[in-house]
Every structure is written in structure tokens, then in C-alpha cells.
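Residue numbers for the sequence shown follow the working numbering, beginning at 1007 and rising by one.
All C-beta atoms, glycine included, are put in the ideal place defined by N, C-alpha and C.
What follows is a set of notes on a single structure, which appears directly below.
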Amino acid sequence: MHRDLSFRAKRAILLSFTAWAVVVLIVPWTLPEGSVPDLSGRSGSLDNMDSIEEMNPLAAAVYTIGDVYCHQRLDRSLTMNGNEMPFCARDVGIFLGLALGMLMVIALRPGFRIWLFVALVLPILLDGGMQLMGLHESNNMLRMMTGAMGGVGSSYLLGHVADRKLGSGTAS
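Following this line, the structure appears as C-alpha cells:
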């Protein structure tokens, strides 16, 4: 019974993470080509409501969330369909990594190893931290890769927590 509950919880998390990642990737394609050229702003504020008000409801919702939670700097973001993504490259990597990581947790059922968790999240901490302190300027490929590793690591930890709290033979 408990293992089944843990599995169902992880499956629901996987579906949520996957749905979110897919929505983030498709919304630039739901807008006219080149209609979102530069959203550069600040985290924690609504900098781009003039642009967002012109969008379809799905795109407006996702871009509003991005506007609040992400800096959306053009030089640190990817573009699709000539439109800046609603989140920066690192965040997109995190979203993809969360989905991939939970899929791996479900498929492989790994026991938790702290060294593996640290190895997965350390790159994003180093890359983001060193960039924040002005020690180096990362590129979008590295941001996306370290974000994906951090997302996989977060799902690895989340899977472990689900196993510990909801019961499973894989927690250690």
C-alpha cells in the first residue's frame, strides 16, 4: 500500500513537471513570430505587463509567472519563434531537469545517496553563484545544462522524500 502511494505521488509530480515544461516550451509558438523581442527586467516585479496584456490567455499566464519569478534578461534567455522565452535558459533547464529527474526516479528507483545529490546540484550553485558574484559570465548552454542537473537533483531529493514519508523499499 505505502509503495503504491509513493509511486502515485511521484507519478503525479512527474505529470505536473512535464506539463509545465511543455507549456513553457510551446507558449512562444502560440504568439506571432517576433512579437516578444526583449523582456529584460527584474525578478520579483511585473516589468512587462504592456507586452503581456496583448497575449493569448495561456501565454499571458505563463509570461506573467516568468515576469514575477525570473529576470528574463534577453542575453540569458533562449528564443523560439523569434520570441524570448518566458523564463531564462537556467530556469528552462531546471524545468526540463525536474521532469527528466522524476522520470528517472520512477524508472530506476534509486536509493538516495547524498554524494549523488550534491554532485547534481553543485554545478548550478557554482555557476549561478560565481556569476552572481561577478567572477565569471556563463553562457546559455552552460546555464541550461547546470539548470537541468539541478532540476534532476531536486527531483532525486523529492523522490527520496516521497519514499521516506509515503513508504517505499528504495529509501536509504
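- The residue among Ser1160, Thr1152 and Pro1116 with its C-alpha nearest the C-alpha of Asp1133 is Thr1152.
- Secondary structure note for Thr1070: its alpha helix (DSSP H) is the uninterrupted segment Pro1063 to Tyr1075.
- The straight-line gap separating the alpha-carbon atoms of Gly1047 and Leu1084 is approximately 15 Å.
- Per the coordinates, the alpha-carbon of Asn1087 lies some 22 Å from the alpha-carbon of Ala1154.
- By the criterion of at least three beta-carbon pairs nearer than 8 Å, the region 1014-1021 is in contact with the region 1107-1124.
- Straight across, the Cα-Cα distance linking Val1167 with Val1158 is about 14 Å.
- With a 10 Å radius around the Cβ and a threshold of 16 neighbouring Cβ atoms, Gly1050 comes out exposed.
- Approximately 4 Å separates the beta-carbon atoms of Gly1099 and Met1150; this is inside 8 Å, confirming the contact.
- In this structure, the straight-line span from the alpha carbon of Leu1104 to that of Ala1125 is close to 16 Å.
- Of the candidates Glu1039, Asn1062, Ala1066 and Pro1043, the residue whose Cα lies closest to the Cα of Leu1052 is Ala1066.
- The C-beta distance from Gly1173 to Ser1012 rounds to 6 Å, short enough to meet the 8 Å contact threshold.
- Selection Asp1010, Tyr1162 and Asn1145 evaluated against Arg1079 yields Asn1145 as nearest (Cα-Cα).
- By the 16-neighbour rule on beta-carbons within 10 angstroms, Glu1090 is buried.
- Bridge pairing for Glu1090: Thr1085 [DSSP].
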